[in-house]
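Some notes on the structure that comes next.
Number of protein chains: 2
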Amino acid sequence: MGCGNAMKYYDVSMMVSKDMQVYKNKPEKKPIFKIASDFDQGSSHETQVDLNLHSGTHMDFPLHMIKDGQTSDALELSRLIRKVKVFDMTHVKDGIDKEDLEKLVIDKDDFVLFKTTNSFEDTFNFKFIYLKNSGAKYLAQKKINGVGIDALGIERDQSGHPTHKILFESDIYIIEGLRLKDVKEDEYFMYALPIKMPDADALLLSVILVE
Amino acid sequence: MGCGNAMKYYDVSMMVSKDMQVYKNKPEKKPIFKIASDFDQGSSHETQVDLNLHSGTHMDFPLHMIKDGQTSDALELSRLIRKVKVFDMTHVKDGIDKEDLEKLVIDKDDFVLFKTTNSFEDTFNFKFIYLKNSGAKYLAQKKINGVGIDALGIERDQSGHPTHKILFESDIYIIEGLRLKDVKEDEYFMYALPIKMPDADALLLSVILVE
Numbered sequence: 018m019g020c021g022n023a024m025k026y027y028d029v030s031m032m033v034s035k036d037m038q039v040y041k042n043k044p045e046k047k048p049i050f051k052i053a054s055d056f057d058q059g060s061s062h063e064t065q066v067d068l069n070l071h072s073g074t075h076m077d078f079p080l081h082m083i084k085d086g087q088t089s090d091a092l093e094l095s096r097l098i099r100k101v102k103v104f105d106m107t108h109v110k111d112g113i114d115k116e117d118l119e120k121l122v123i124d125k126d127d128f129v130l131f132k133t134t135n136s137f138e139d140t141f142n143f144k145f146i147y148l149k150n151s152g153a154k155y156l157a158q159k160k161i162n163g164v165g166i167d168a169l170g171i172e173r174d175q176s177g178h179p180t181h182k183i184l185f186e187s188d189i190y191i192i193e194g195l196r197l198k199d200v201k202e203d204e205y206f207m208y209a210l211p212i213k214m215p216d217a218d219a220l221l222l223s224v225i226l227v228e
Numbered sequence: 018m019g020c021g022n023a024m025k026y027y028d029v030s031m032m033v034s035k036d037m038q039v040y041k042n043k044p045e046k047k048p049i050f051k052i053a054s055d056f057d058q059g060s061s062h063e064t065q066v067d068l069n070l071h072s073g074t075h076m077d078f079p080l081h082m083i084k085d086g087q088t089s090d091a092l093e094l095s096r097l098i099r100k101v102k103v104f105d106m107t108h109v110k111d112g113i114d115k116e117d118l119e120k121l122v123i124d125k126d127d128f129v130l131f132k133t134t135n136s137f138e139d140t141f142n143f144k145f146i147y148l149k150n151s152g153a154k155y156l157a158q159k160k161i162n163g164v165g166i167d168a169l170g171i172e173r174d175q176s177g178h179p180t181h182k183i184l185f186e187s188d189i190y191i192i193e194g195l196r197l198k199d200v201k202e203d204e205y206f207m208y209a210l211p212i213k214m215p216d217a218d219a220l221l222l223s224v225i226l227v228e
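Quick mapping for you: the protein sequence lines, in order, are chains X and L. Counting from 1 along the first sequence, just add 17 to a position and that's the residue number in my numbering. Counting from 1 along the second sequence, just add 17 to a position and that's the residue number in my numbering.
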């Protein structure tokens, strides 16, 4: 099993905690932890968590933005276990647009991850860097396989959520909530493993990038 | 990245659903899914889940059975990304004991996964196959690194939870809730990736075994 020897990898998932950053700081989006059992009540300690599936590092499915859209039932795990290209977009202000992407080597079937200044912030920034409508269209024309970003949303402040919809309509997988601070621009092998749930609009992911 | 080419892997995680098997069929242990937002109320569809961290495929930490025991804060991810040995124990009735283990090649620092008849049952069996006290002692003497089983508990019907305690006191990682039906006895490379949470008595895992 040679590929396992001296393997270097990066853990690019977010910690899920009661104080974690959540979209627009909405209190109802904070995970709630409860003690289901402890040693005063029983003979074991068990924790229960109540959380939104769009918390932390996760994958969106079309139902998230499209009525009657596909859900996690359509998941193809092999699309989350594959080569990816990480692009350093820390120079981008506001959002990633077509012009930013035209400078990159992006090919058909690529899975691209965008490292932005978001990765250096642990609190929610209402002006987080996102993928603009024009960038989503460009990626759809390129027929990429998937895209990941280090924000809790792949877009903001675009009426009707065109970035999500363009990507979903082109069957492009969307990963949100990555933490790419320690990862430099390069190619990696990604293991983005979901907690599988049926018929869901999102799935929690744990993601590593292998060098 | 040669090790990624034509890679064959097995997804050995359990689906987390409202109808999934839970320990002793206790209703309070069933995950509860709620719609946090839909297209009648807003512009996106979001699901919330309330679940016990010992649901489905997960890792136990010492706090689960030992007052003031270590929690997920002590997690070393590298111990979950490594070579494992899957042993076919489908011949075992009741529980795995020392005599069953003496027949196997188990070395110091191994991570062993036990495939039992549990993997062929999708409903909770009150007489699930477990690791007996004598088996846990044997593994502790061998100084293994971790053990996984295809039951929601690594033990049952043992007063004081000695199997858990022996393993925890020997710093042996415990994975529960694996699904090994399709995996034959052999060595694999395991990626057991957790949804990271602070100070927890368990973490949800998504696990693949690479051939």
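All residues carry an ideal CB built from backbone N, CA and C; glycine is no exception.
The C-alpha of leucine 94/X lies about 21 Å from the C-alpha of leucine 220/L.
Measuring C-alpha to C-alpha distances from isoleucine 192/X to each of Asp218/X, Tyr155/X and Gln175/X identifies Asp218/X as the nearest.
Secondary structure within the stretch 135-191 of chain X: the beta strand (DSSP E) runs of 3 or more consecutive residues, fully enclosed, are 163-166 (chain order). Among the residues of the stretch 198-216 of chain X, those with a Cβ less than 9 Å away from any Cβ of chain L are Glu204, Tyr205, Phe206, Tyr208, Ala209, Leu210, Pro211, Ile212, Lys213, Met214, Pro215 and Asp216, in the order of the chain. Put simply, the CB of lysine 84/L is near chain X, with a gap under 8 Å to one of its CB atoms. Taking C-beta separations shorter than 8 Å and ignoring five residues to either side along the sequence, the partners of methionine 106/X in its chain run Ile113, Asp117, Phe131, Lys132, Thr133 and Ile146, following chain order. Annotation: alanine 153/X has no Cβ neighbours in chain L at a cutoff of 7 Å; minimum Cβ distance is about 16 Å.
Neighbours of glutamine 65/L in chain X, taken as residues whose beta carbon is under 8 Å from its own, are Asp67, Leu68, Asn69 and Leu70 in chain order. Taking CB atoms only, phenylalanine 128/L has no neighbour in chain X less than 8 Å away. Looking at the DSSP output, aspartate 77/L shares a beta bridge with Ile191/L and Ala219/L. Look at tyrosine 26/X: its C-beta is under 8 Å from a C-beta on chain L.
At a Cβ-Cβ threshold of 8 Å, tyrosine 205/X and valine 224/X do not count as neighbours.
Taking one beta carbon from each stretch, the stretch 31-40 of chain X and the stretch 58-74 of chain X have 3 or more pairs nearer than 8 Å; the two touch. Distance from isoleucine 161/L to valine 129/L at the Cβ level is roughly 6 Å; contact confirmed, criterion being Cβ atoms closer than 8 Å. The shortest C-alpha to C-alpha distance from histidine 62/X to any of Val200/L, Phe78/L, Asp67/L and Leu210/L is the one to Phe78/L.
Taking 8 Å as the threshold, the shortest C-beta distance from methionine 32/L to chain X falls below it. Under the Cβ distance rule, alanine 157/L does not count among the residues neighbouring chain X, no pair being separated by less than 8 Å. Just so you know, the alpha carbons of methionine 82/L and methionine 32/L end up roughly 25 Å apart.
Per the coordinates, the alpha-carbon of phenylalanine 141/X lies some 11 Å from the alpha-carbon of aspartate 167/X.
Taking a Cβ-Cβ threshold of 9 Å, none of the residues of chain L is close to histidine 108/X; the smallest such distance is about 27 Å. Where leucine 210/L is concerned, the enclosing beta strand (DSSP E) starts and stops at 203-211. In the three-state scheme derived from DSSP, where H, G and I count as helix and E and B as strand, serine 54/L is classed as strand. Below the 7 Å Cβ cutoff, chain X contributes no neighbours of serine 136/L, its closest Cβ being approximately 16 Å away.
Taking all protein chains in view, the Cβ of asparagine 135/L is crowded by 16 or more other Cβ atoms within 10 Å, so the residue is classified as buried.
The alpha-carbon separation between valine 101/X and lysine 84/L amounts to approximately 43 Å. In the three-state scheme derived from DSSP, where H, G and I count as helix and E and B as strand, glutamate 116/X is classed as helix.
Residue pairing by DSSP puts glutamate 63/L in a beta bridge opposite Ser54/L. Contact with chain X is found for serine 223/L, since one of that chain's Cβ atoms lies less than 8 Å from the residue's Cβ. The C-beta distance from valine 29/X to proline 48/X rounds to 19 Å, too long to meet the 8 Å contact threshold. Put simply, the CB of aspartate 218/X is near chain L, with a gap under 8 Å to one of its CB atoms. Taking 8 Å as the CB threshold, isoleucine 123/L stays off the interface with chain X. Glycine 194/L sits close to leucine 169/L, with the two beta carbons spaced by under 8 Å. Of the residues Thr64/X, Lys115/X, Lys46/X and Phe56/X, the one whose Cα lies closest to the Cα of glutamate 45/L is Thr64/X. Within the DSSP secondary-structure output, aspartate 36/L pairs in no beta bridge. Counting along the chain, lysine 100/X sits inside the beta strand (DSSP E) bounded by residues 98-105. In the structure shown, lysine 132/L adopts extended strand secondary structure according to DSSP, grouped into three states.
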